[in-house]
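In this note's numbering, the protein residues as written are 142 to 228. Just so it is clear, CB atoms sit at the ideal spot from N, CA and C, and this is done for glycine as well. Bear in mind the structure is a predicted one, so any value in this text is a computation, not a measurement. Just below is one structure, and these are the notes that go with it.
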Amino acid sequence: MSDGYPTAAQKEALRLICDHELMPAPRPADELVAARGPGTNPGHARALTRMAGTLAWRLQAQGFIAGTRAGGWATTAEGRAFIACPA
């Protein structure tokens with residue numbers, strides 16, 4: 142996180158959550174792995190999976206996403222406005 146502003150990786154995760162509204166909690170990790178491709182390092186997918194949890198926590202702390210009753214993620218009005226995601 143950079144001085145309270147989302148990083149490029151956080152914006153990417155926010156875009157994925159916005160594009161797949163009401164995303165189940167483990168899915169941002171799957172979506173990041175799919176969006177980034179397999180990578181050349183055998184630990185690439187595991188690292189992205191770990192990173193997705195941190196990204197989601199930070200986006201929630203910044204008020205850009207909120208947890209759902211079903212245990213997933215949804216973008217807030219602030220999150221949608223930040224990345225110009227349609228409501």
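Item, Value
"So Thr-216 is in the beta strand (DSSP E); what residue range does that whole segment cover?", "213–216"
"Count the other CB atoms within 10 Å of the CB of Leu-163; is the residue buried (16 or more) or exposed (fewer)?", "exposed"
"How far does the alpha helix (DSSP H) with Ala-149 in it extend, from its first residue to its last?", "149–160"
"If I measure Cβ to Cβ from Arg-187 and keep anything under 7 Å in the same chain, skipping five residues before and after, which residues do I get?", "none"
"Can you tell me whether Pro-147 is buried or exposed, with buried defined as 16 or more other CB within 10 angstroms of its CB?", "buried"
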